[in-house]
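Residue numbers (our numbering): 766 to 1152. Only one structure is covered here, and it is reproduced in the block below.
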Ligand SMILES: Cc1ncc(COP(=O)(O)O)c(C=O)c1O
């Protein structure tokens, strides 16, 4: 790695390693673990080098309750604040490797959420323009955030996937237009749902990290799907490395069709209803999910009531301030642990923090409007601090 660094950076890295080993002698009794981790990490190149290698946190209360080890991968620690940084980096790297993006080129994606934020960070760090299409039903806050991270944002009418005016197809056409006008620098529609570079991010990073962190001691993995990249990629790696021993379960919110797809052995229902969760739930089997969906060991459907209770429990019992998709994943991990019985290790994903959702998840009015206030146990209602 060091040979890829500029000489000044290499000098700094060498000095940092020397300083760390000196410090490791001095502090070996106080922070030996921290020093070992710092030494292993060394200096990373650019923001993109800081994506991944997130801690795996043992959730103490739920582990004690189930007699299992319930572990959450702390994806909120990525520089863009979510698991989607991994996919963002891989779809951009894939476009570079395929020669579709040259310095100063343009990345276009259809997204209202974390992928856009991840792409904005990666594009700034690597010198690309970023154009985002999103449904115009999204909050001004999301639009502002993407713009302040340097993206050009187009909110467009919210129409179904099948409609050519859907934000994803508009993103695709925008990339084709720019590519035609500026072939030297290039433009690419990164297409997170069906571009399997997304899934590869998790085959090459999330899966191996979990295997290494548990020293091969993981029995089951579970998480929800948006694009399906996290579930499919992590499942692929863990199944391959364990010779099929690690079990994998899909966790689904209401309004998604995948629970019934997996449970019925492949029947795709019409999408109905919705959920308070963001970034997860699907109406179809994406290319990212396609190759692994038949290898799953089952699926769970998690109600919004259970999810919101877990948002509050994770905060109160573990000190973890998590978004709703993470809380849903934790409920799923608990249910998988109960299914497997004591003395198993179940891993899930803590996708992002609650920061972007606080005005809803911790608002009394909003909870009442969703009929979810009663799902929060009396002892935890003191966290409902917003009107
Ligand atoms: C908060 C959150 N959780 C979970 C996911 C799902 O991840 P994946 O797209 O890898 O299925 C997303 C995807 O956007 C997300 O934003």
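For each residue, glycine too, the CB sits at the ideal point set by N, CA and C.
Tell me whether residue 879 counts as near ligand 1, meaning its Cβ is closer than 7 angstroms to at least one heavy atom of that ligand. Locating residue 879 in the chain shown gives position 114, counting from the first residue. It does: the Cβ of residue 879 is within 7 angstroms (strictly closer) of some heavy atom of ligand 1.
Would the beta-carbon of residue 959 be found less than 7 angstroms away from any heavy atom of ligand 1? Within the chain shown, residue 959 is the residue found at index 194, counting from 1. Residue 959 Cβ: outside cutoff for every heavy atom of ligand 1.
Contact test: residue 849 Cβ vs ligand 1 heavy atom, cutoff 7 angstroms: For this step, residue 849 is matched to residue 84 along the chain shown. Because some heavy atom of ligand 1 lies under 7 angstroms away, the Cβ of residue 849 counts as near it: yes.
If you draw a straight line from the C-alpha of residue 801 to the C-alpha of residue 839, how long is it? Here residue 801 is taken as the residue at index 36 of the chain shown, counted from 1. Here residue 839 is taken as the residue at index 74 of the chain shown, counted from 1. Using only the alpha carbons, I get a separation of about 19 angstroms.
State the DSSP-derived secondary structure class of residue 822, mapped to helix, strand or coil. In the chain shown, residue 822 corresponds to position 57, counting from 1. Strand.
Which runs of the alpha helix (DSSP H) at least 4 residues long sit entirely within the stretch 884-941? Give them in chain order. 905-913
Counted within 10 angstroms of its Cβ, other Cβ atoms place residue 984 as buried (16 or more) or exposed: Reading the chain shown from its first residue, position 219 is the one you call residue 984. By the neighbour-count rule (16 or more Cβ atoms within 10 Å), residue 984 is buried.
What did DSSP end up calling residue 1137 once you bin it into helix, strand or coil? For the purposes of this step, residue 1137 is identified with residue 372 of the chain shown, where counting begins at 1. Coil.
Is residue 1127 closer than 8 angstroms to residue 1145 when the C-beta atoms are compared? The sequence position of residue 1145 within the chain shown is 380, counting from 1. The sequence position of residue 1127 within the chain shown is 362, counting from 1. Taking 8 angstroms as the Cβ cut-off, residue 1145 and residue 1127 do not qualify as a contacting pair.
What residue range does the alpha helix (DSSP H) around residue 1017 cover? In the chain shown, counting from the first residue as 1, residue 1017 sits at position 252. From DSSP, residue 1017 is part of no alpha helix (DSSP H) but of the beta strand (DSSP E) over 1012-1017.
Need the endpoints of the alpha helix (DSSP H) that residue 995 sits in, please. Indexing the chain shown from 1 puts residue 995 at position 230. Residue 995 -> alpha helix (DSSP H) spans 994-1006.
With DSSP as the reference, please indicate the residues paired to residue 853 in a beta bridge. Numbered from its first residue, the chain shown carries residue 853 at position 88. None, per the DSSP bridge assignment.
Per DSSP, which one or two residues make a beta bridge with residue 874? Sequence index remark: in the chain shown, residue 874 carries index 109 (1-based). 897, per the DSSP bridge assignment.
Taking only three categories from DSSP, how would you classify residue 989? In the chain shown, the residue the question calls residue 989 occupies position 224. Three-state DSSP puts residue 989 in a strand.
Could you check what DSSP says for residue 1090 in three-state terms: helix, strand or coil? Within the chain shown, residue 1090 is the residue found at index 325, counting from 1. In the structure shown, residue 1090 sits in a helix (DSSP, three-state: H, G or I).
Tell me whether residue 1117 is buried or exposed, calling it buried when 16 or more other Cβ atoms sit within 10 Å of its Cβ. In the chain shown, the residue the question calls residue 1117 occupies position 352. Buried.
Have a look at the DSSP bridge pairing and note the partners of residue 1110. Numbered from 1 along the chain shown, position 345 holds the residue referred to as residue 1110. BP columns for residue 1110 point to 834.
Confirm the yes/no value for this check: CB of residue 1084, any heavy atom of ligand 1, distance under 7 angstroms. In the chain shown, the residue the question calls residue 1084 occupies position 319. Not under cutoff, so the answer is no.
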